[in-house]
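Student: Numbered according to our numbering, the sequence shown spans residues 42 to 427.
For every residue, glycine included, the Cβ atom is placed at its ideal position computed from N, Cα and C.
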Amino acid sequence: MLLAGVFSLNAQNGIEPRYEKYNADRKSIEVDGDLSDWAGVTFIEPRFEASDGRETGKGNVEIDGTTYSTFAEFGGGTWSGPDDHTTSIAVAWDHKGLYLGIVVTDDEHEHAAGNAWNGDGVQMGLTDPERGAVTHLYNYCIRDGYESGKVYKNGDAGIIADKERGPGNYSVAMVRDDAAKTTTYEALFAPDSFGFEQFEIGQQFGFGVCVNDGDADTPGQKGWSGWGPHMIVFGKTAPDAALVTLTGLEVISSFSEDFNGEDGEHSELITLDGTAAHTEGELIITEAANSQNGGALLEDFSDGAAFSNFELSFRLFMGNGTARPADGFSVSIDNDLPNLASPAEEGAGNGMKICFDAWDSGGGDLAPQIEVFNAGESQAMQSFTG
Numbered sequence: 042m043l044l045a046g047v048f049s050l051n052a053q054n055g056i057e058p059r060y061e062k063y064n065a066d067r068k069s070i071e072v073d074g075d076l077s078d079w080a081g082v083t084f085i086e087p088r089f090e091a092s093d094g095r096e097t098g099k100g101n102v103e104i105d106g107t108t109y110s111t112f113a114e115f116g117g118g119t120w121s122g123p124d125d126h127t128t129s130i131a132v133a134w135d136h137k138g139l140y141l142g143i144v145v146t147d148d149e150h151e152h153a154a155g156n157a158w159n160g161d162g163v164q165m166g167l168t169d170p171e172r173g174a175v176t177h178l179y180n181y182c183i184r185d186g187y188e189s190g191k192v193y194k195n196g197d198a199g200i201i202a203d204k205e206r207g208p209g210n211y212s213v214a215m216v217r218d219d220a221a222k223t224t225t226y227e228a229l230f231a232p233d234s235f236g237f238e239q240f241e242i243g244q245q246f247g248f249g250v251c252v253n254d255g256d257a258d259t260p261g262q263k264g265w266s267g268w269g270p271h272m273i274v275f276g277k278t279a280p281d282a283a284l285v286t287l288t289g290l291e292v293i294s295s296f297s298e299d300f301n302g303e304d305g306e307h308s309e310l311i312t313l314d315g316t317a318a319h320t321e322g323e324l325i326i327t328e329a330a331n332s333q334n335g336g337a338l339l340e341d342f343s344d345g346a347a348f349s350n351f352e353l354s355f356r357l358f359m360g361n362g363t364a365r366p367a368d369g370f371s372v373s374i375d376n377d378l379p380n381l382a383s384p385a386e387e388g389a390g391n392g393m394k395i396c397f398d399a400w401d402s403g404g405g406d407l408a409p410q411i412e413v414f415n416a417g418e419s420q421a422m423q424s425f426t427g
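So, in structure tokens, the structure goes:
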């Protein structure tokens, strides 16, 4: 399993709160434009506040009263949706350096300009751990005239990979696939590109990524996505960076499912039971009606590996009834789970159970509450008003 990041309750800058502080885990990557060896490393899609009057935020989501954007239009550029421009980012490290993987979904790749930032491409910046000063800036891109599907590396004609600020060595591998409408950027930053003699557990630094976008009819830097892009655009501002910490955790395995398969198709590792059903882009455990019980079982995807930390993330909607939903739901992790047709909010098995109880049944029940069990014993509980 995987512990890929830590959550901050309140962002200190314009980065989506859960990605303002981040733990980077150990993983060795071959920088070759092929992402298969990133297996187990989570790619994130961080949003940001498009708060400058010169930009217009798109793909917006409100979190705790603040609007965070997927993309910022700039200088006459436009964004028509996720297929126009969406960015996924992953970070890992080993003794060789820090690996940065970026996948951009983009309907058009445009880079006619002679500098790396002015069109489709990546800008990466570093700060000191206090995020008080920008120390290093690196920019790289594939220029127009590229061959679709070709892997471009340092020294190849048709690319730019510069060092805007700070000495240091880094290597890149970049691929534009016109058929898939994706651009893949892999980079390895040696310790000296961070100003370090070597990378080691516990090191921290400010980190920002801006992925610029242009189109044929609006060439150049006409918008961006990224992870703390305001650390780079509108002047280089260190406080707008994310804080990255290098951890000693090694990635064992990971699994994801978006439930976008046709005709109810999903991973063969998932078994649905009871009222659970798969619709386009959704897993529906129950409908908002009486006497509904359902469950979904995910088989082991780590070949039986032992783990001490894990990260579980999903988006949940509970509602559309005439009263508070009852009774709730749970997530259970165990080596031998029983039939999941009727697990209820108390969970199943005798391993770890995370129980979301939405209905106060009396008898000491303090719902709405979240309670964590392990080996049959309650470990923690938090009740809420409402």
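What residue range is occupied by the uninterrupted beta strand (DSSP E) comprising asparagine 64?
Tutor: By one-based count along the sequence shown, residue 64 stands at place 23. First-last of the beta strand (DSSP E) with asparagine 64: 62 to 67.
Student: With DSSP as the reference, label glutamate 340 as helix, strand or coil.
Tutor: In the sequence shown, residue 340 corresponds to position 299, counting from 1. Here glutamate 340 sits in coil by DSSP.
Student: DSSP state of arginine 59, grouped into three classes?
Tutor: Within the sequence shown, residue 59 is the residue found at index 18, counting from 1. Three-state DSSP puts arginine 59 in a helix.
Student: Ends of the beta strand (DSSP E) at alanine 214?
Tutor: Counting from 1 along the sequence shown, the entry for residue 214 is found at position 173. Where alanine 214 is concerned, the enclosing beta strand (DSSP E) stretches over 211 to 218.
Student: Which one of Gly289, Ser266, Val292, Gly247 has the shortest CA to CA distance from threonine 278?
Tutor: The residue you call residue 278 lines up with position 237 of the sequence shown. That would be Gly247, whose Cα lies nearest to the Cα of threonine 278.
Student: In whole angstroms, what separates the C-alpha of methionine 42 from that of lysine 222?
Tutor: As a first step, residue 42 is located in the sequence shown; it is residue number 1 there, counting from the start. As a first step, residue 222 is located in the sequence shown; it is residue number 181 there, counting from the start. Confidence is the limiting factor: at methionine 42 the pLDDT is only 26, short of 50, which leaves the residue's position unreliable, though a coordinate-based value still follows. Each residue's Cα considered, the two are about 30 Å apart.
Student: Count Cβ pairs between the segment 323 to 341 and the segment 350 to 369 that sit closer than 8 Å; are there 3 or more?
Tutor: Output reads yes: the segment 350 to 369 touches the segment 323 to 341.
Student: Using CA coordinates, which residue listed in Gln245, Ala133, Leu178, Gly199 is at the minimum distance from glutamate 291?
Tutor: Locating residue 291 in the sequence shown gives position 250, where the first residue counts as 1. Residue Ala133 is the option with its Cα nearest to glutamate 291.
Student: In the DSSP output, which residue or residues are listed as bridge partners for glutamine 245?
Tutor: Taking the first residue of the sequence shown as position 1, residue 245 is located at position 204. DSSP, once it has assigned bridges, lists Thr286 as partnering glutamine 245.
Student: Taking Cβ to Cβ, would you say phenylalanine 84 is nearer than 8 Å to valine 144?
Tutor: Locating residue 84 in the sequence shown gives position 43, where the first residue counts as 1. Locating residue 144 in the sequence shown gives position 103, where the first residue counts as 1. Their beta carbons are under 8 Å apart, which means phenylalanine 84 touches valine 144 by this criterion.
Student: According to the neighbour-count rule (16 or more other Cβ atoms, all chains shown, within 10 Å of its Cβ), is glutamine 420 buried or exposed?
Tutor: Position 379 of the sequence shown, counted from the start, is the residue given in the question as residue 420. Glutamine 420 should be labelled exposed.
Student: Kindly identify the DSSP beta-bridge partner or partners of arginine 206.
Tutor: As a working note, residue 206 is residue 165 in the sequence shown. Per DSSP, Leu178.
Student: Looking at aspartate 124 and threonine 108, is the spacing between their C-beta atoms short of 8 Å?
Tutor: Along the sequence shown, read from residue 1 onward, the residue named residue 108 stands at position 67. Along the sequence shown, read from residue 1 onward, the residue named residue 124 stands at position 83. The answer is no: Cβ separation not under 8 Å.
Student: Take every Cβ of the segment 175 to 189, pair it with every Cβ of the segment 283 to 300, and state whether three or more of those distances are shorter than 8 Å.
Tutor: No contact exists between the segment 175 to 189 and the segment 283 to 300.
Student: What's the C-alpha gap between glutamate 386 and arginine 356?
Tutor: Along the sequence shown, read from residue 1 onward, the residue named residue 386 stands at position 345. Along the sequence shown, read from residue 1 onward, the residue named residue 356 stands at position 315. Computed Cα separation, rounded: 17 Å.
Student: Can you tell me which of the three DSSP states serine 92 falls into?
Tutor: For this step, residue 92 is matched to residue 51 along the sequence shown. Here serine 92 sits in coil by DSSP.
Student: Do the segment 177 to 194 and the segment 208 to 222 make contact, defined as three or more Cβ pairs closer than 8 Å?
Tutor: At 8 Å Cβ cutoff, the stretches touch.
Student: Of all the options Ala389, Gln239, Thr224, which has the alpha carbon lying nearest to the alpha carbon of alanine 231?
Tutor: The residue given as residue 231 occupies position 190 in the sequence shown. Alanine 231 has its Cα closest to that of Gln239, out of Ala389, Gln239, Thr224.
Student: Can you confirm whether methionine 215, when its beta carbon is compared against all beta carbons of chain B, has any partner nearer than 8 Å?
Tutor: Given the protein chain composition of this structure (a single chain), no chain B is represented.
Student: Can you name, in chain order, every residue of its own chain whose Cβ lies under 6 Å from the Cβ of methionine 165, other than the five neighbours on each side?
Tutor: Sequence index remark: in the sequence shown, residue 165 carries index 124 (1-based). Excluding positions up to five away in sequence, the list reads Tyr179, Val250.
Student: Less than 8 Å between the C-beta atoms of glycine 261 and asparagine 159, yes or no?
Tutor: Taking the first residue of the sequence shown as position 1, residue 261 is located at position 220. Taking the first residue of the sequence shown as position 1, residue 159 is located at position 118. For glycine 261 and asparagine 159, yes; Cβs fall inside 8 Å.
Student: Looking only at C-alpha atoms, which of Glu227, Pro208, His126, Asn64 sits nearest to aspartate 73?
Tutor: For the purposes of this step, residue 73 is taken as residue 32 along the sequence shown, with counting starting at 1. That would be Glu227, whose Cα lies nearest to the Cα of aspartate 73.
Student: Check leucine 44 in the structure and name its three-state DSSP category.
Tutor: The residue given as residue 44 occupies position 3 in the sequence shown. Confidence at leucine 44 is low in this model, with a pLDDT of 29, below 50, so the placement of that residue is unreliable and no value is reported for it.
Student: Determine the direct distance from the alpha carbon of valine 163 to that of alanine 157, and round the result to whole angstroms.
Tutor: Residue 157 sits at position 116 when you count from the first residue of the sequence shown. Residue 163 sits at position 122 when you count from the first residue of the sequence shown. Going from the Cα of alanine 157 to the Cα of valine 163 covers about 7 Å.
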